[in-house]
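This report concerns only the one structure given below.
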Amino acid sequence: MTDTSRPLVAVTGLTKAFGDNHVLRGVDFAASSGTTTAVLGPSGSGKTTLLRALNVLETPDAGLVRIGDVEIDFATLPAGKKARAETSRLRAQSGMVFQSHNLFPHKTVLENVIEGPVQVQKRPVDEAVADARQLLEQVGLSEKADQHPFELSGGQQQRVGIARALALRPEVVLFDEPTSALDPELVGEVLAVIKDLASQGWTTVIVTHEIRFAEQVADQVLFIDGGVVVEHGTSAQVIGDPSEERTRQFLRRILDIG
Amino acid sequence: MRHALRVLALLMLVLVVTPSGAAVAAQDDRPVVRVGTEGTYPPFSFHESDTNKLTGYDVEVIKAVAKKAGWRLQFVETTFDAIFAALEAGRIDVIANQVTDNPERAARYGLSDTYTYSRGVIVVKKGEKGITKLSDLKGKTTAQSLTTNYAELARKAGAKVEGVEGFAQAAALVVQGRVDALINDNLAALDYLNTTGTDKIEIAGNAGDEVSEQKLAFRKDDTQLLQQADDALAALKADGTLAKISKKYFKIDVSVENSGEADLSGGRAVRSDAQIVKDSAWPMLQKLLIATIPITIVSFAVGLVLAVAAALANISGSRVLRGIARTYISVIRGTPLLVQLFIVFYGLPEIGIDLPSWPAAVLALSLNVGGYAAEIVRSAILSVPKGQFEAAATIGMGYWQTLRRIVFPQAARTAVPPLSNTLISLLKDTSLLSVVLVTELFRQAQIAASAAQVFFPLYLLAALYYWVVCAALAAGQGRIETRLNRFVAR
Ligand SMILES: Nc1ncnc2c1ncn2[C@@H]1O[C@H](COP(=O)(O)OP(=O)(O)OP(=O)(O)O)[C@@H](O)[C@H]1O
Ligand SMILES: [Mg+2]
């Protein structure tokens, strides 16, 4: 994490509007390889939109996104086939873990995990299966490989979602509030898995309302409000000693409730 | 289950392939002449109850003509009301079905020399005293095939005419008292009385004094075939062949005028209902297996592809594709299937698309299924949560991959119950295919019914066959649904 190394993720001037609703108004941030970035911010501030833009599930109106050596300038992105090839290259650089896991209900846990590697990356099945079993072990679900999602608890489902994202070996793993749809007693097991990833050197960007968790694991914290990054720095800076009034208000509110 | 299906498919394939395979064997360069005939008008054109072979006076006459003229015949069976349409559309080349000469027909078609002299008779319920001659029909109701000469006769006499599909149906209406009378050929009426042994109806009198003349009908411009037919008929009259065929059926020579009273006794035996059903069970089952079921399966498969295409077009971003899909769906749902069948079979040849019966049937039914199933498929696709599309996108899947591997398997859960209904309707809709000259289960029931001159038990048998297949389909639907619901928390 030295300043001299080029960051793995670089976002510059990202904007996105839905009609008149300007959700992202010029977001800038960078994340180095192997770091955990926590994204905090009030509801509706554009956190989900930012993550979806990184995975190109939402096409930004303008701005630069670079992950690893794939870079797109959305202001000049033409329409058509070439653009689709470009965006899918960028998309492949990141893996996405959804708030509501979005597992494929008709496939077993193992099939969910190998679907991308086998069908999209065209890796040999044996190799993909061996890999997937290792990932399932890592998230503590070796025994569940042949079950279907409906047979699992919410926390287990979310952990399969994580394994599915990791199986594609992306440069960055994106999490959108991975625990907020879970019963409180299931939150811990999912956070433990994510924490584990950080220690293994995965680069992650996590949108979360779990301030204490962010404080523990995040190398960098972004506070977003009104579609811009209001404050960023280490967790000690942003959470421990915020310099912006809006950040302080947000933290006070959320910590009072939580 | 799967194994049973495979065996069934193989069986059907064998049944379909065997007869056609045998037919193409010999090299033959005689011209092919397609003969339109009802196959349901005994004693002129009907199927033998034991062998199911097409026979009758008209059938034997046209065969004798063909032999003299050097034609190779191909019989096409159709209801009388579709027979002139088939001739004009070039589906057939000649009608051998007791076509009575009248000025309109003589102007429109090429009519041969006469091969039957007969007269029309009025048939009424036994004991009905009020109707003995044509003028008594004023204000009464008669049952006729609408395009026959007799229907015209009844109309001119001031009767109301109910359309029916053949003699047996008309006779049933008379017996049931739903109509007052029917007019038909003397010989056909005698055949009915003889074959059924009925005492419920009787011949009340002649329909006018005129003797009518029945002829072969060709297209007006087909003068060469007409000339060949006339030459052949003259030769057959001269060498006694025609008289011989006639005497076999009527004991007299109806190919000349005033040869006396016909006698049809000792023709086909009177059979009990049980015997009739027994005789017809296998031919009907055959048609179920080689026509009804295969046409249903192929049409459903093709229709499903059309439905998926239309559904995808309908939810696509392209305004043009959406417009095409919506127009297609709207046209199909807004028009009767019978009309669609007529357009595909009799209409398309006008613009140069001349499809044989089976492809025309499959095309019309597929288009129909596609239009109805498109909305089912569309709402099934939309029932798959958006998150599933996004999860597929995020792991890098493309459009088709997402549909095939993620969306369709889940959409199937929603789509199977309504699609099963579509399939079951389709199976039953195949009973309309006689209008495009496909002999399927129901047409075979009509054929058997007309030969036996009773139709109720045979239609009941047809209903039973349809029901058994539909029940099997419903059972299959249950199994598929259980399979698809396996992965969903209850
Ligand atoms: N597909 C969309 N179409 C229109 N508006 C959208 C769409 N997605 C998001 N928005 C709007 O964009 C704004 C930001 O939404 P976003 O989901 O990014 O917020 P968020 O910070 O993730 O909020 P939360 O903490 O509630 O998840 C909201 O006003 C939302 O209504
Ligand atoms: Mg959000």
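Sequence lines, in order, name chains A and B.
Numbering-wise, the UniProt record's numbering puts 248 at position 248 of the first sequence, and it's gapless, one number per residue.
Numbering-wise, the UniProt record's numbering puts 490 at position 490 of the second sequence, and it's gapless, one number per residue.
Beta carbons: idealized from backbone N, C-alpha and C, even for Gly.
Relative to the C-alpha of residue i, which candidate in the options has its C-alpha closest?
{"i": "VAL139 of chain A", "options": "A:HIS148, A:ASP196 and A:ASP183", "result": "A:ASP196"}
{"i": "GLU111 of chain A", "options": "A:HIS101, A:GLU127, A:ASP146 and A:MET96", "result": "A:ASP146"}
{"i": "LEU484 of chain B", "options": "A:PRO105, A:LEU186, A:GLU86 and A:GLU151", "result": "A:PRO105"}
{"i": "PRO42 of chain A", "options": "A:VAL97, A:VAL230 and A:ASP225", "result": "A:ASP225"}
{"i": "PRO159 of chain A", "options": "A:ALA198, A:VAL109 and A:GLN119", "result": "Pro is not the amino acid found at residue 159 of chain A; the sequence shown has Arg there. That would be A:VAL109, whose Cα lies nearest to the Cα of ARG159 of chain A."}
{"i": "VAL305 of chain B", "options": "B:ILE276, B:LEU285 and B:VAL377", "result": "B:VAL377"}
{"i": "GLY474 of chain B", "options": "B:LEU437, B:ALA392 and B:SER420", "result": "It should be pointed out that residue 474 of chain B corresponds to Ala in this sequence rather than to Gly. Nearest of B:LEU437, B:ALA392 and B:SER420 to ALA474 of chain B, Cα basis: B:SER420."}
{"i": "THR179 of chain A", "options": "A:ALA214, A:PRO170, A:GLY201 and A:PRO149", "result": "A:ALA214"}
{"i": "VAL238 of chain A", "options": "A:LEU222, A:GLY227, A:ARG253 and A:ARG252", "result": "A:LEU222"}
{"i": "residue 570 of chain B", "options": "B:GLN98, B:THR196, B:GLN446 and B:GLY303", "result": "Any property of residue 570 of chain B remains undetermined from this structure, which presents chain B solely from 1 to 490."}
{"i": "ASP194 of chain A", "options": "A:PRO7, A:THR37, A:GLY19 and A:HIS22", "result": "What sits at residue 194 of chain A in the sequence shown is Ile, not Asp. Nearest C-alpha to ILE194 of chain A: A:THR37."}
{"i": "GLU189 of chain A", "options": "A:SER32, A:GLN157, A:VAL120 and A:ASP20", "result": "A:GLN157"}
{"i": "ARG108 of chain B", "options": "B:SER49, B:ALA217 and B:LEU153", "result": "B:ALA217"}
{"i": "ASN97 of chain B", "options": "B:PHE487, B:GLY476 and B:PHE80", "result": "B:PHE80"}
{"i": "GLY371 of chain B", "options": "B:LYS140, B:THR37 and B:ARG326", "result": "B:ARG326"}
{"i": "GLN388 of chain B", "options": "B:ALA373, B:VAL369, B:ASN368 and B:PRO409", "result": "B:PRO409"}
{"i": "LEU146 of chain B", "options": "B:SER49, B:ALA170, B:LEU367 and B:THR422", "result": "B:ALA170"}
{"i": "VAL164 of chain B", "options": "B:TYR150, B:ALA143 and B:VAL175", "result": "B:ALA143"}
{"i": "ALA36 of chain B", "options": "B:VAL488, B:SER212, B:SER434 and B:VAL277", "result": "Here residue 36 of chain B turns out to be Gly, not Ala, going by the sequence shown. Selected option, being the one with the closest Cα: B:SER434."}
{"i": "ALA373 of chain B", "options": "B:MET397, B:ILE406, B:TYR465 and B:LEU426", "result": "B:LEU426"}
Under 7 angstroms between beta-carbons, which chain B residues line up against residue i? List them in chain order, please.
{"i": "ALA92 of chain A", "result": "GLY396"}
{"i": "ASN55 of chain A", "result": "THR394"}
{"i": "residue 284 of chain A", "result": "Residue 284 of chain A cannot be examined here, being either before or after the span of chain A that is shown, 1 to 258."}
Along chain A, which residues have their Cβ under 8 angstroms away from the Cβ of residue i?
{"i": "PRO409 of chain B", "result": "HIS106"}
{"i": "GLN388 of chain B", "result": "ASN102 and PHE104"}
{"i": "ALA380 of chain B", "result": "Going along chain A, no residue has its Cβ under 8 angstroms from ALA380 of chain B, so there is no contact; the nearest lies around 14 angstroms."}
Going by other Cβ atoms of all chains shown within 10 Å of its Cβ, with 16 needed for buried, is residue i buried or exposed?
{"i": "GLY478 of chain B", "result": "exposed"}
{"i": "LYS82 of chain A", "result": "exposed"}
{"i": "VAL11 of chain A", "result": "buried"}
{"i": "LYS144 of chain A", "result": "buried"}
{"i": "ILE290 of chain B", "result": "buried"}
{"i": "SER112 of chain B", "result": "buried"}
{"i": "PRO283 of chain B", "result": "buried"}
{"i": "ALA23 of chain B", "result": "Confidence is the limiting factor: at ALA23 of chain B the pLDDT is only 43, short of 50, which leaves the residue's position unreliable and the question unanswerable from this model."}
{"i": "ALA167 of chain A", "result": "buried"}
{"i": "VAL308 of chain B", "result": "buried"}
{"i": "PRO43 of chain B", "result": "buried"}
{"i": "ILE245 of chain B", "result": "buried"}
{"i": "ASP429 of chain B", "result": "buried"}
{"i": "TYR399 of chain B", "result": "exposed"}
{"i": "ILE351 of chain B", "result": "exposed"}
{"i": "GLN119 of chain A", "result": "buried"}
{"i": "THR78 of chain B", "result": "buried"}
{"i": "VAL179 of chain B", "result": "buried"}
{"i": "GLN176 of chain B", "result": "exposed"}
{"i": "GLU231 of chain A", "result": "buried"}
{"i": "MET1 of chain B", "result": "Residue confidence is low: MET1 of chain B scores 45 on pLDDT, short of 50, so the model does not pin down where it sits. No coordinate-derived value is stated."}
Strictly below 8 angstroms CB to CB, what residues from chain B border residue i?
{"i": "GLU58 of chain A", "result": "Neighbours of GLU58 of chain A on chain B: none; closest Cβ ~10 angstroms, over 8 angstroms."}
{"i": "LEU168 of chain A", "result": "ILE395 and GLY396"}
Under 9 angstroms Cβ-Cβ, which residues of chain A neighbour residue i?
{"i": "ARG405 of chain B", "result": "PHE104, LYS107, GLU115 and GLN119"}
{"i": "GLN401 of chain B", "result": "GLN119 and VAL120"}
Taking residue i as the query, report the chain B residues whose CB atoms sit under 9 angstroms from its CB, ordered along the chain.
{"i": "residue 277 of chain A", "result": "For chain A, the structure presents residues 1 to 258; residue 277 of chain A sits outside this window and is missing."}
Measuring only from the beta carbon, is residue i closer than 8 angstroms to any heavy atom that is part of ligand 4?
{"i": "LEU50 of chain A", "result": "This structure lacks ligand 4; the ligands present are ligand 1 and ligand 2."}
Stretch-stretch touch, CB-based, cutoff 8 angstroms, three pairs: the segment 15 to 32 of chain A with the segment 48 to 63 of chain A: yes
The segment 119 to 128 of chain B / the segment 198 to 208 of chain B touching (three or more Cβ pairs under 8 angstroms): yes
Every unbroken alpha helix (DSSP H) within the segment 76 to 117 of chain B, with a cutoff of 4 residues, ordered by chain: 80 to 88 and 103 to 108
Inter-stretch contact (C-beta, 8 angstroms, three-pair minimum) for the segment 63 to 74 of chain B and the segment 226 to 244 of chain B: yes
Touch test, the segment 314 to 332 of chain B against the segment 383 to 400 of chain B, Cβ-Cβ under 8 angstroms, three pairs minimum: no
The segment 437 to 444 of chain B contacting the segment 156 to 164 of chain B, beta-carbon criterion three pairs below 8 angstroms: no
Three CB pairs or more closer than 8 angstroms across the segment 104 to 122 of chain B and the segment 172 to 192 of chain B: yes
Minimum length 3: unbroken beta strand (DSSP E) runs contained in the segment 79 to 107 of chain A: 94 to 97
contact_flag[the segment 204 to 211 of chain A, the segment 171 to 178 of chain A] where n(CB pairs < 8 angstroms) is 3 or more: yes
Given 8 angstroms, three or more beta-carbon pairs between the segment 230 to 244 of chain B and the segment 137 to 155 of chain B: no
Cβ pair count under 8 angstroms reaching 3, the segment 237 to 251 of chain B against the segment 88 to 102 of chain B: no
The segment 126 to 135 of chain A / the segment 340 to 358 of chain B touching (three or more Cβ pairs under 8 angstroms): no
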